[in-house]
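Okay, so here's the structure we're looking at.
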Amino acid sequence: MAMTEEEKVFKDPVHGYIYVHHPVIWDLINTREMQRLRRIRQLGTTYLAYPGGDHSRFSHSLGVYEVVRQIISAFDRNGYEWPHAFDVLAMVSGLLHDVGHAPFSHALETFLGTRHERWTVRIIEDPATEVHQVLERVRPGFSREVSAVLRKDHPEKLVVSLVSSQLDADRLDYLMRDSIATGVDYGKFDLARIIRIMRPYRGRIVVRRSGIHTVEAYLLARYFMYWQVYFHPVSRAGEVLLRAILERAEAVLGQNPDPYVPHPALAQFFRRAMDVRNFLALDDSVLLTAFNLWRDHADPILKDLTRRFLDRDLFQDLPLTTRDPETLAAIREVVAEAGYDPAFYCLIDETATVYYDYYLGNQSTPKEDDQAVWLYDRDEDRLIEMSSVSRPIQAIAEESRGVRRLYVPKEIWRDPPLRARIRALSQWEEGGA
0 MAMTEEEKVF KDPVHGYIYV HHPVIWDLIN TREMQRLRRI RQLGTTYLAY PGGDHSRFSH
60 SLGVYEVVRQ IISAFDRNGY EWPHAFDVLA MVSGLLHDVG HAPFSHALET FLGTRHERWT
120 VRIIEDPATE VHQVLERVRP GFSREVSAVL RKDHPEKLVV SLVSSQLDAD RLDYLMRDSI
180 ATGVDYGKFD LARIIRIMRP YRGRIVVRRS GIHTVEAYLL ARYFMYWQVY FHPVSRAGEV
240 LLRAILERAE AVLGQNPDPY VPHPALAQFF RRAMDVRNFL ALDDSVLLTA FNLWRDHADP
300 ILKDLTRRFL DRDLFQDLPL TTRDPETLAA IREVVAEAGY DPAFYCLIDE TATVYYDYYL
360 GNQSTPKEDD QAVWLYDRDE DRLIEMSSVS RPIQAIAEES RGVRRLYVPK EIWRDPPLRA
420 RIRALSQWEE GGA
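With numbering that gives the first Met the number 0 applied, the sequence shown covers 0 to 432.
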C-alpha cells in the first residue's frame with residue numbers, strides 16, 4: 000500500500016497527534032459516512048450528567064485507528080511475528096468499527112432492536128456508500144474482508160483480536176477519551192505501557208506477565224467507568240427518557256407523518272423501514288430538531304417528555320429491589336393516580352441494557368477467547384487468565400452484580416404521601432440510594 004504524499008496529522012487530546020500515512024485511511028476519513036460521526040455523540044446522554052462528555056464518535060474512531068497503528072508499530076519494533084499483509088485491514092477495521100452508530104450512539108439500539116455492528120456491516124457492503132467505494136479501490140472484495148473482521152469471522156484471528164476483544168484498541172481509546180472528556184480520573188491508565196507489553200501469541204493478543212499491574216489498572220478503570228460514568232443515574236435518566244420520547248412519537252406520529260416529522264428519514268425510522276440511505280441521514284441534530292418541534296405538539300405526553308429532555312428536567316431514580324409483577328403493577332397504579340401514564344412515566348432501567356461492561360474474567364462464556372485477558376508467562380511459555388492471578392480483578396470478575404432502577408417524575412417524588420408509597424413498594428430504604 001502506497002503512502003500519502005505528505006503525512007497527515009490530527010491534534011488529539013488522548014494521543015497527542017494522530018498520524019495518517021496511507022491514502023485509503025485519508026480517503027475513508029473524508030467519506031460522507033465517516034464525517035457523519037462528527038454529528039453523533041460518543042456517550043449518548045452522558046452529557047446531561049457530565050457536561051464535557053459531548054465528544055463525538057468521529058474522534059473516537061480516529062483514536063481507535065491510531066491505537067491499532069501504534070500497536071502494529073510496537074510489534075514491529077519488538078520483532079514479534081505479526082502478519083504485516085493485514086496491517087491496512089486492521090487499521091481500516093479500527094477506523095470504521097463504529098460507522099453504523101445511530102443518533103445518540105447506544106441509546107437508540109434498544110429502541111431499534113438492531114445493534115450498530117449490523118448497520119456497520121450493511122454500510123460497508125452497500126455499493127452506494129462512499130466507504131464501500133473507497134474500500135473496493137484497494138482491491139475487489141476488500142469491503143467484505145473488513146466486514147469479516149468486524150463480524151469476528153475473519154480467518155486471521157489476530158486482526159479480529161486487535162479490534163474486538165477484552166483488551167482491544169476500541170476499549171483502550173474510549174476509556175481514556177471518555178475519562179478525559181468527562182473530567183473524571185477513573186478511566187485513566189498507562190496506555191503507552193499497555194501497548195509495550197502487548198504481543199501476538201498463537202492467534203490472540205496477550206500481554207506479558209511482567210505487566211500485570213498495568214493491566215490491573217486498565218481493568219479497574221473499566222470497572223470504575225462503568226459504575227461512575229456509563230451507568231450514572233443521571234445519564235441513564237436521560238436515556239430512558241429518550242426511549243420514552245421515541246416510543247410516544249412512534250405511537251402518535253409513526254403512521255401519520257406531518258410537519259412535526261422534520262426529515263423524511265425520520266418517518267421511515269418510525270415505520271421501522273429504514274434502508275442504508277435513510278439510516279445515514281439520521282444524526283443527533285435531526286432528533287434534536289424533532290424534539291424542539293415536539294415540545295409544542297398537541298399531544299400532551301409527547302410535548303411534556305420532550306420538554307423534560309431539552310430542559311434537563313429528568314426523572315427521579317431510586318433502586319428497585321423487587322421483580323414481583325404485582326408489586327410493579329402497584330407502583331404503576333401510584334403513578335397513574337398521580338395523573339401520569341405509567342407506560343411513559345414509570346420506567347425501569349437495569350445494567351443488562353448498558354452496552355459497556357466491565358471485566359468478568361473467563362467465567363461467563365469460557366469457550367470464547369475474547370472473554371478473557373491472557374498473561375504470557377515467558378519462562379513457562381504458557382498463558383494465564385488474568386483473574387486467576389490477580390486478587391483485585393478476581394474480586395471484580397466474581398461480583399457480576401445487577402442493578403435495577405425505577406424512574407418516575409420528580410413531581411411524584413416531591414409529594415410525601417406518594418413518595419412513601421413508592422418507597423415502600425420498591426423496598427427502598429432511606430439512605431440506600
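Every residue, glycine too, gets a C-beta built ideally from N, C-alpha and C.
Residue i bridges to which residues according to DSSP?
{"i": "residue 98", "result": "Its beta-bridge partners do not exist; DSSP assigns none."}
{"i": "residue 8", "result": "18"}
{"i": "residue 152", "result": "According to DSSP, which records beta bridges pairwise, residue 152 is partnered with nothing at all."}
{"i": "residue 199", "result": "204"}
{"i": "residue 315", "result": "407"}
{"i": "residue 375", "result": "207, 382"}
With DSSP run on the structure shown, which of helix, strand or coil describes residue i?
{"i": "residue 362", "result": "In this prediction, residue 362 scores a pLDDT of 49, lower than 50, which makes its location untrustworthy; the coordinate-derived value is nonetheless stated afterwards. Note: residue 362 maps to coil in three-state DSSP."}
{"i": "residue 419", "result": "helix"}
{"i": "residue 112", "result": "coil"}
{"i": "residue 187", "result": "coil"}
{"i": "residue 368", "result": "For residue 368, the predicted structure reports a pLDDT of 47, less than 50, and the residue's modelled location is therefore unreliable. The matter cannot be settled from this model."}
{"i": "residue 299", "result": "helix"}
{"i": "residue 307", "result": "helix"}
{"i": "residue 383", "result": "strand"}
{"i": "residue 432", "result": "Because residue 432 sits at a pLDDT of 40, beneath the cut-off of 50, its placement in the model cannot be relied upon, and the point is left open."}
{"i": "residue 240", "result": "helix"}
{"i": "residue 81", "result": "coil"}
{"i": "residue 281", "result": "coil"}
{"i": "residue 39", "result": "coil"}
{"i": "residue 257", "result": "coil"}
{"i": "residue 55", "result": "strand"}
{"i": "residue 426", "result": "coil"}
{"i": "residue 348", "result": "strand"}
{"i": "residue 139", "result": "coil"}
{"i": "residue 169", "result": "helix"}
{"i": "residue 177", "result": "helix"}
{"i": "residue 62", "result": "helix"}
{"i": "residue 126", "result": "coil"}
{"i": "residue 13", "result": "coil"}
{"i": "residue 92", "result": "helix"}
{"i": "residue 86", "result": "helix"}
{"i": "residue 339", "result": "coil"}
{"i": "residue 103", "result": "coil"}
{"i": "residue 131", "result": "helix"}
Assuming contact is defined by CB atoms lying nearer than 8 Å, are residue i and residue j in contact in what I supplied?
{"i": "residue 106", "j": "residue 301", "result": "no"}
{"i": "residue 334", "j": "residue 324", "result": "no"}
{"i": "residue 234", "j": "residue 44", "result": "yes"}
{"i": "residue 13", "j": "residue 172", "result": "yes"}
{"i": "residue 87", "j": "residue 21", "result": "yes"}
{"i": "residue 395", "j": "residue 222", "result": "yes"}
{"i": "residue 55", "j": "residue 70", "result": "no"}
{"i": "residue 314", "j": "residue 408", "result": "yes"}
{"i": "residue 207", "j": "residue 196", "result": "yes"}
{"i": "residue 205", "j": "residue 373", "result": "yes"}
{"i": "residue 417", "j": "residue 329", "result": "no"}
{"i": "residue 89", "j": "residue 162", "result": "yes"}
{"i": "residue 281", "j": "residue 294", "result": "no"}
{"i": "residue 133", "j": "residue 26", "result": "yes"}
{"i": "residue 64", "j": "residue 93", "result": "yes"}
{"i": "residue 91", "j": "residue 159", "result": "no"}
{"i": "residue 287", "j": "residue 110", "result": "no"}
{"i": "residue 289", "j": "residue 261", "result": "yes"}
{"i": "residue 143", "j": "residue 124", "result": "yes"}
Going by CA-CA distance only, name the one from the options that's closest to residue i.
{"i": "residue 98", "options": "28, 140, 182, 66", "result": "28"}
{"i": "residue 274", "options": "119, 410, 288", "result": "119"}
{"i": "residue 412", "options": "293, 69, 425, 156", "result": "425"}
{"i": "residue 422", "options": "370, 392, 395, 331", "result": "331"}
{"i": "residue 73", "options": "85, 194, 174", "result": "194"}
{"i": "residue 232", "options": "186, 134, 25, 318", "result": "318"}
{"i": "residue 259", "options": "143, 291, 158", "result": "291"}
{"i": "residue 112", "options": "296, 271, 346, 415", "result": "271"}
{"i": "residue 350", "options": "218, 298, 228", "result": "228"}
{"i": "residue 210", "options": "383, 414, 159", "result": "383"}
{"i": "residue 166", "options": "199, 139, 181, 244", "result": "199"}
{"i": "residue 129", "options": "31, 347, 248, 191", "result": "31"}
{"i": "residue 217", "options": "378, 192, 230, 226", "result": "192"}
{"i": "residue 181", "options": "245, 52, 370", "result": "52"}
{"i": "residue 387", "options": "339, 397, 288", "result": "397"}
{"i": "residue 66", "options": "320, 16, 201", "result": "16"}
{"i": "residue 283", "options": "415, 138, 102", "result": "102"}
Which whole-angstrom value describes the C-beta separation of residue i and residue j, a residue pair presumed to lie in contact below a C-beta threshold of 8 Å?
{"i": "residue 36", "j": "residue 100", "result": "7 Å"}
{"i": "residue 405", "j": "residue 303", "result": "19 Å between Cβ atoms; not a contact."}
{"i": "residue 285", "j": "residue 265", "result": "6 Å"}
{"i": "residue 169", "j": "residue 239", "result": "That pair is no contact at about 25 Å."}
Just to check, is the beta-carbon of residue i closer than 7 Å to a non-hydrogen atom of the ligand ATP?
{"i": "residue 403", "result": "Questions concerning the ligand ATP fall outside what the structure shown contains, since it holds no ligand whatsoever."}
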